[in-house]
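Protein chains in written order, with the working numbering: chain U, 2 to 382; chain G, 2 to 382; chain L, 2 to 382; chain F, 2 to 382.
Number of protein chains: 4
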Amino acid sequence: MAEPRKLRMGMVGGGPGAFIGPVHRIAAELDGKCELVAGAFSQSPERSREAGASFGVDPARAYANYGEMIATERTRADGIDFVVIATPNHLHLPVAVAALEAGIPVMSDKPATATYDEALELESSVRKSGLPYGLTHTYAGYAMVREARSMCAAGKLGAIRKVAVEYFQGWLSRPVETTGHKQAEWRADPERSGPGGAIGDIGTHAFHLLEYISGLQVTAINATLRTVVAGRKLDDDCSAFVRLSNGAAGTLACSQVAAGELNEVRLRIYGETGSLEWRQQDPNRLIVKWLEGPEEIHHAAAPYLSADARAVARVPPGHPEGYLEAFAVLYREFAGALMAWKDGAVNPLPSTLPGIEAGVRGMRFIDRVIASSRSERWVEF
Amino acid sequence: MAEPRKLRMGMVGGGPGAFIGPVHRIAAELDGKCELVAGAFSQSPERSREAGASFGVDPARAYANYGEMIATERTRADGIDFVVIATPNHLHLPVAVAALEAGIPVMSDKPATATYDEALELESSVRKSGLPYGLTHTYAGYAMVREARSMCAAGKLGAIRKVAVEYFQGWLSRPVETTGHKQAEWRADPERSGPGGAIGDIGTHAFHLLEYISGLQVTAINATLRTVVAGRKLDDDCSAFVRLSNGAAGTLACSQVAAGELNEVRLRIYGETGSLEWRQQDPNRLIVKWLEGPEEIHHAAAPYLSADARAVARVPPGHPEGYLEAFAVLYREFAGALMAWKDGAVNPLPSTLPGIEAGVRGMRFIDRVIASSRSERWVEF
Amino acid sequence: MAEPRKLRMGMVGGGPGAFIGPVHRIAAELDGKCELVAGAFSQSPERSREAGASFGVDPARAYANYGEMIATERTRADGIDFVVIATPNHLHLPVAVAALEAGIPVMSDKPATATYDEALELESSVRKSGLPYGLTHTYAGYAMVREARSMCAAGKLGAIRKVAVEYFQGWLSRPVETTGHKQAEWRADPERSGPGGAIGDIGTHAFHLLEYISGLQVTAINATLRTVVAGRKLDDDCSAFVRLSNGAAGTLACSQVAAGELNEVRLRIYGETGSLEWRQQDPNRLIVKWLEGPEEIHHAAAPYLSADARAVARVPPGHPEGYLEAFAVLYREFAGALMAWKDGAVNPLPSTLPGIEAGVRGMRFIDRVIASSRSERWVEF
Amino acid sequence: MAEPRKLRMGMVGGGPGAFIGPVHRIAAELDGKCELVAGAFSQSPERSREAGASFGVDPARAYANYGEMIATERTRADGIDFVVIATPNHLHLPVAVAALEAGIPVMSDKPATATYDEALELESSVRKSGLPYGLTHTYAGYAMVREARSMCAAGKLGAIRKVAVEYFQGWLSRPVETTGHKQAEWRADPERSGPGGAIGDIGTHAFHLLEYISGLQVTAINATLRTVVAGRKLDDDCSAFVRLSNGAAGTLACSQVAAGELNEVRLRIYGETGSLEWRQQDPNRLIVKWLEGPEEIHHAAAPYLSADARAVARVPPGHPEGYLEAFAVLYREFAGALMAWKDGAVNPLPSTLPGIEAGVRGMRFIDRVIASSRSERWVEF
């Protein structure tokens with residue numbers, strides 16, 4: 002039996018200056034299941050070609066816009082198998098809908114869309130299409146996040162009582178969006194970001210992790226949004242309490258003005274008999290503390306881990322994996338689902354891979370945080 | 002010139018089974034400035050004598066109750082110089098007032114009293130007496146807490162934007178107060194603890210640290226109290242947002258049902274250009290992160306620290322000091338103030354030593370948290 | 002100008018059950034400069050095809066042995082640009098020589114050969130051929146290893162006085178080579194490993210790091226080899242003192258019977274005014290301690306790092322990179338050198354990429370360790 | 002029954018400028034078993050009185066020299082119960098012998114004497130006297146050192162295969178002994194220190210820990226001494242291999258020119274099935290790694306620890322203890338032994354408290370290290 006060919010992907014966004022385009026390329030190709038063959042990398046045709054060249058893409062397939070890419074690729078015998086969306090948020094919906102309507106599956110960067118209403122629209126579009134739609138909530142691809150999720154699901158900690166998630170960065174401590182910083186520019190612009198600043202950019206990651214690992218849903222939220230840097234149009238700092246579907250409580254904090262923090266994603270889960278702690282900057286260890294008995298450190302790739310955690314390890318314990326590998330796990334799972342779907346599977350996405358449902362909840366999160374912060378009260382989720 | 006004699010102290014509480022009595026004894030005597038010579042260690046005369054013997058106290062000075070101790074000691078030529086209060090909370094006020102009225106200075110365990118109203122009463126009593134009154138907010142005695150405080154005061158981080166304090170324990174994860182656990186018993190009993198459970202026992206420490214280090218005051222609070230363990234009468238878990246006097250925001254969390262945590266006191270301060278992080282379980286290091294430039298670790302006793310931090314170190318850098326030494330710093334400062342007061346100084350307490358003002362604010366904190374949690378809204382502080 | 006095509010590589014070894022084959026594939030392809038198109042993955046033709054299929058290699062190019070691969074590929078218009086050697090040690094020399102004699106550059110796993118004599122033979126073969134030859138001393142690809150190297154080269158620590166390197170694993174704590182463990186089997190077999198056990202497998206890494214980072218050369222060695230597990234034919238534990246070319250001293254330790262250790266590569270360099278510490282299991286941080294002033298932590302990808310360190314980062318600070326990314330840095334540099342060589346450059350390998358010189362020194366290290374351990378004395382290097 | 006009175010101690014050394022005098026005072030008094038009542042703190046009568054005053058010692062008992070102290074105190078009804086030796090090394094023997102000959106027990110700072118011959122002389126003096134003699138190898142008093150020792154003794158790791166101990170400081174990186182630095186001055190002077198520099202000052206601690214924790218004895222040693230700082234008369238850096246009584250091997254390293262290190266005492270023990278790691282700068286945690294199963298962190302004062310470890314904890318888990326508390330454990334044990342001896346016990350010292358045997362072995366260590374380093378070979382221990 003022949004090894005199935007690599008899945009061909011076409012990227013929208015990710016042009017020169019973008020951080021996330023090359024990340025998607027590396028992550029998608031890392032496990033040898035996908036290859037980048039086409040793209041509408043920039044709204045400038047020239048810059049799109051330039052980016053294409055940097056990726057080794059055939060110049061003929063470096064398009065000036067996503068419409069052209071979709072229209073052309075769908076007619077090629079060797080056309081793309083799926084679209085990767087790596088644009089600012091305001092383009093997530095139109096690109097995704099265009100691809101889905103053309104019958105092309107989608108792997109999208111987060112958040113799913115720019116607004117909650119758009120998310121509902123996208124959800125309906127995905128449902129109608131029956132096509133695979135994946136969402137790159139990167140942290141969901143880390144082995145030890147998978148281990149934490151498995152431990153919660155297996156009840157290892159007893160009933161969950163308390164969850165604390167935070168994502169702190171410091172890079173927006175000054176108004177760098179006014180000084181030509183491309184990454185900061187669109188994130189600080191409501192036209193391109195949507196109504197959420199830090200909460201959209203990184204709060205949605207924290208929110209996703211909270212629900213993803215605990216297996217619980219947020220049912221109510223009490224949030225305080227702040228815009229710390231004068232003149233900034235969107236929030237750059239958020240603290241929130243949440244109530245969870247099992248009666249537990251949680252805190253969620255994110256900030257882009259936490260001077261000195263890099264990408265401090267940190268998560269703790271407290272159950273009746275033990276607790277978990279994970280930090281992205283030390284990703285290959287999961288700290289497990291018990292009410293009785295010694296604290297433990299579980300190491301990625303170790304034989305004592307859950308099947309879900311072991312499944313995503315590429316190297317033996319003690320050799321660190323990182324951000325790109327976590328990202329690649331999502332692509333590997335998406336590619337597997339896509340293959341299965343091509344073979345006729347319905348709803349092929351594994352539960353470990355974030356999809357449109359996670360996307361809608363993430364946009365709901367932004368919406369609810371803003372509502373709560375404005376009213377200074379608890380709001381239902 | 003002769004070395005001044007040691008100050009004589011009489012302890013109330015701290016009898017058999019108490020954790021904190023021996024801690025006060027060691028801390029008070031550690032720097033050679035004080036000695037325990039009398040006590041009303043227990044409400045049972047027999048147990049008081051037993052405790053006295055374990056401390057090497059003259060049996061004649063192991064009293065059956067604090068009233069007797071105060072009445073007798075004030076008439077002795079070698080009577081006590083101050084009273085140490087190490088009882089459950091409900092006795093803090095009556096003991097302190099009795100001592101002050103007898104003209105005897107007081108060093109009290111925290112919280113200052115059982116209720117906010119009592120705190121106001123105590124404050125008035127302290128003011129009227131003109132006597133030194135110290136409060137053992139232990140963590141204020143750590144060298145690196147002093148360093149953090151100095152750095153904030155000196156503006157090293159720029160304006161403070163964000164503060165996060167937490168104190169997590171797990172030892173009340175089960176209803177141990179119903180199984181004869183003496184420490185848990187009185188803490189879970191509103192008659193002896195006052196209206197605050199975890200917030201009174203450890204939340205007040207977190208609150209004190211927040212204001213002590215940042216130099217800011219809490220002006221409003223939005224808190225959620227929970228009683229996680231069924232049947233418990235007081236809160237065992239709290240999350241709160243706070244607004245600070247300079248417009249900054251903060252979070253404060255405490256829990257005694259965070260299974261697996263021991264005494265996890267952790268504090269972070271974010272300013273415009275850098276941030277600080279300190280953990281009690283790694284107390285001799287202060288982590289300093291800059292918006293620009295490498296992260297730093299400042300070590301206790303190092304020559305590059307502030308004068309305030311260097312002043313409290315007893316051993317060279319790299320030899321760890323701990324909880325008892327921090328506690329002893331407060332006694333050393335109290336003893337120094339007492340000596341100065343005996344020599345005629347007015348208001349001799351150094352600003353580094355918590356006193357009645359901190360005590361009143363701590364009780365106000367408990368009061369405001371409860372009010373906010375009940376109303377599910379922000380309340381003014 | 003068209004983007005240069007990807008370099009085509011043919012792998013020898015790396016068949017089913019091998020850990021290192023997939024690692025080479027991922028690492029080589031990660032930066033989009035190379036692609037695996039051919040291989041002699043196993044000495045069994047069937048297993049070679051099986052492995053080829055798992056890599057997506059055209060079945061026609063999954064060869065039964067390396068001779069056939071080289072002979073066939075050199076005649077194809079789209080033949081391989083270089084050979085990757087991922088076999089047990091005893092094949093490193095014959096494969097490399099065969100490739101070089103056929104005019105094909107080589108990227109080889111370490112150690113360079115099975116014996117020191119072979120290394121000299123290979124060195125002469127490489128020299129004669131004038132072809133690029135790279136050696137995958139993985140740890141040399143970590144950003145913070147590059148930073149440490151740059152700091153030493155720039156004299157940031159003053160003259161180096163002391164170096165301590167160790168590589169500890171525990172996986173050979175039991176005689177797993179007798180129980181069908183493929184990885185252990187060939188490593189424990191002198192016919193395939195050469196005369197070095199742990200010193201060949203991991204000691205050479207430690208040795209390479211020592212010279213690579215410090216910029217110094219070992220001039221004498223005093224080593225103690227042990228075979229801790231009964232019945233094992235090769236060493237599984239080594240401790241050594243070394244003298245360095247500037248008069249400094251060092252220690253080098255490696256073990257595969259350090260029960261509980263995973264891949265604990267740890268390196269410390271002490272200079273007159275400061276020191277460095279790096280651990281593979283926390284690879285994105287370099288600890289810098291000064292004789293005067295606070296300890297520092299330098300983070301991968303940070304703007305304050307040396308150009309060499311920044312050059313190899315793919316993601317922003319705070320997003321961890323790991324083992325595969327470090328490995329990929331070597332391939333990226335090798336690919337760049339190969340391109341330059343095709344364009345006529347002589348000696349195109351950058352000094353950051355280990356080559357035949359490092360290979361010969363590594364084999365000399367094994368030879369000298371054995372000689373010293375046998376004589377129980379210092380030996381010249 | 003009356004509480005036994007405190008034991009009265011007289012200190013030799015520890016005068017103004019000494020670091021270790023106040024440490025002995027605090028440690029001895031911390032558990033309420035001893036009190037400092039006399040001393041010959043300095044060879045200058047004036048400075049001795051000054052130091053006495055700082056300790057609150059009766060001026061009449063601040064002696065001009067140790068002979069006078071011993072002669073006078075032995076005749077007082079309330080004379081000292083034991084002598085504390087806190088002088089430079091060359092005085093350890095004469096002071097100890099004088100005390101023992103006067104029938105007064107001794108608690109001595111380490112190393113036991115200045116030379117190995119002196120140690121044998123002291124051993125004979127101790128034996129002849131039948132008096133308790135304790136040696137303050139501080140690190141032996143840490144709870145987690147006790148835990149490590151208990152785990153080794155109980156065979157928790159299987160047979161021990163490998164031990165690595167190191168003690169690194171940086172404070173002698175420059176010739177500070179030439180600039181009036183009192184602590185450095187006598188340590189760098191063979192007349193006062195004996196033939197060992199770093200090996201005497203801190204190497205003996207590392208050596209003691211190695212044997213104390215592992216329960217094994219060093220049987221042979223291969224050491225390299227260096228004097229890194231030009232003009233210094235004694236060693237300031239040492240690396241050594243050792244063979245142990247059960248056939249295991251070890252490494253021992255100490256340095257006072259490891260720029261940037263503070264008091265980095267680090268110990269690792271590898272057995273057949275697991276390993277231990279302890280660092281003084283993180284003293285309340287013992288890291289336990291298993292060949293199979295998760296890594297563990299054992300916390301001081303936790304209920305799952307051995308009886309020996311629990312016995313020395315003063316505060317609940319999560320409240321750190323440090324260097325002074327470890328030191329105080331030795332005094333507490335010495336005081337207990339002294340009480341028992343007064344009540345007629347023979348050989349009352351518990352095995353957990355270092356005594357003359359440890360002292361002789363420590364001096365033998367210095368002797369053997371120098372012999373090995375000179376001959377550049379293994380020497381029998």
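Each residue gets a CB set at the ideal place from its N, CA and C atoms; glycine is no exception.
Contacts that residue i makes with chain F (C-beta to C-beta distance below 9 angstroms)
i, result
"residue 299 of chain U", "295 and 296"
Minimum Cβ-Cβ distance from residue i to chain G less than 9 angstroms
i, result
"residue 305 of chain L", "yes"
"residue 9 of chain F", "no"
"residue 258 of chain U", "yes"
"residue 211 of chain U", "no"
"residue 66 of chain U", "no"
For residue j and residue i, the rounded distance between their alpha carbons
i, j, result
"residue 279 of chain L", "residue 313 of chain L", "17 angstroms"
"residue 28 of chain L", "residue 330 of chain L", "8 angstroms"
"residue 155 of chain L", "residue 198 of chain G", "57 angstroms"
"residue 114 of chain L", "residue 195 of chain L", "8 angstroms"
"residue 157 of chain F", "residue 250 of chain F", "18 angstroms"
"residue 70 of chain L", "residue 39 of chain L", "8 angstroms"
"residue 172 of chain L", "residue 152 of chain U", "26 angstroms"
"residue 243 of chain G", "residue 34 of chain L", "53 angstroms"
"residue 49 of chain L", "residue 41 of chain L", "6 angstroms"
"residue 161 of chain F", "residue 218 of chain F", "12 angstroms"
Per DSSP, the bridge partner or partners of residue i
i, result
"residue 158 of chain G", "Answer is none; residue 158 of chain G lacks a bridge partner."
"residue 226 of chain L", "L:239"
"residue 86 of chain G", "G:13 and G:109"
Contacts of residue i in chain L (Cβ-Cβ under 9 angstroms)
i, result
"residue 339 of chain U", "Within 9 angstroms Cβ-Cβ: nothing; residue 339 of chain U doesn't reach chain L, min ~16 angstroms."
Under 8 angstroms by beta carbon: chain F residues contacting residue i
i, result
"residue 384 of chain L", "Limits of chain L in this structure are 2 at one end and 382 at the other, which puts residue 384 of chain L out of reach."
Residue-chain proximity (residue i, chain U), Cβ-Cβ < 9 angstroms
i, result
"residue 319 of chain L", "yes"
"residue 181 of chain G", "no"
"residue 289 of chain F", "yes"
"residue 266 of chain G", "no"
"residue 381 of chain G", "no"
Where residue i meets chain G, residues with beta-carbon distance less than 8 angstroms
i, result
"residue 246 of chain U", "Within chain G, no residue comes near residue 246 of chain U; the closest Cβ sits about 16 angstroms away, beyond 8 angstroms."
Secondary structure of residue i, DSSP reduced to three states
i, result
"residue 22 of chain F", "helix"
"residue 130 of chain G", "helix"
"residue 169 of chain F", "strand"
"residue 1 of chain U", "Missing from the structure shown is residue 1 of chain U; chain U here goes from 2 to 382 and no further."
Contacts of residue i in chain U (Cβ-Cβ under 8 angstroms)
i, result
"residue 238 of chain G", "162, 163 and 250"
Proximity test, Cβ basis, 9 angstroms: residue i and chain F
i, result
"residue 270 of chain G", "no"
"residue 274 of chain L", "yes"
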